[in-house]
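Inspection log for the structure reproduced underneath, given as structure tokens.
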Amino acid sequence: MLLRYAQARAVAMPVVVRLCLTGWLTGNIIILTENDIGFPWAAVQGLVSVAVMVRLYFAHDRSR
């Protein structure tokens, strides 16, 4: 969904790609070691993702 959004708005593509990559890293690497770290990195990633999506929603023209 985010990549489809970024197709129409090229300026948002780097932000969306970084968000997808950090989500992948969180899902595949950090969560495996989360019990050893003792910090909820998945929750932080979720909050950052929501914040970036809200920022993209308000930063770009919705008329298209």
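Position in the sequence shown (from 1) plus 101 gives the number in our numbering.
Think of the CB as a built atom: it goes at the ideal place given N, C-alpha and C, for glycine as much as any other residue.
Which of helix, strand or coil DSSP assigns to residue i
i, result
"proline 141", "coil"
"methionine 114", "helix"
"methionine 102", "coil"
With 16 other Cβ atoms within 10 Å as the buried cut-off, status of residue i
i, result
"leucine 120", "buried"
"alanine 152", "exposed"
"valine 117", "buried"
"alanine 109", "exposed"
"alanine 111", "exposed"
Own chain partners of residue i with C-beta closer than 7 Å, once the 5 adjacent residues on each side are dropped
i, result
"valine 123", "For the record, residue 123 in the displayed sequence is threonine; it is not valine. So the qualifying residues of the chain are Gln146."
"serine 150", "Leu120, Gly124"
6 Å Cβ shell around residue i - same chain, five flanking residues per side excluded
i, result
"histidine 161", "Arg110"
Legend entry - Cβ contact (3+ pairs, closer than 8 Å) linking the segment 102–116 and the segment 126–134: no
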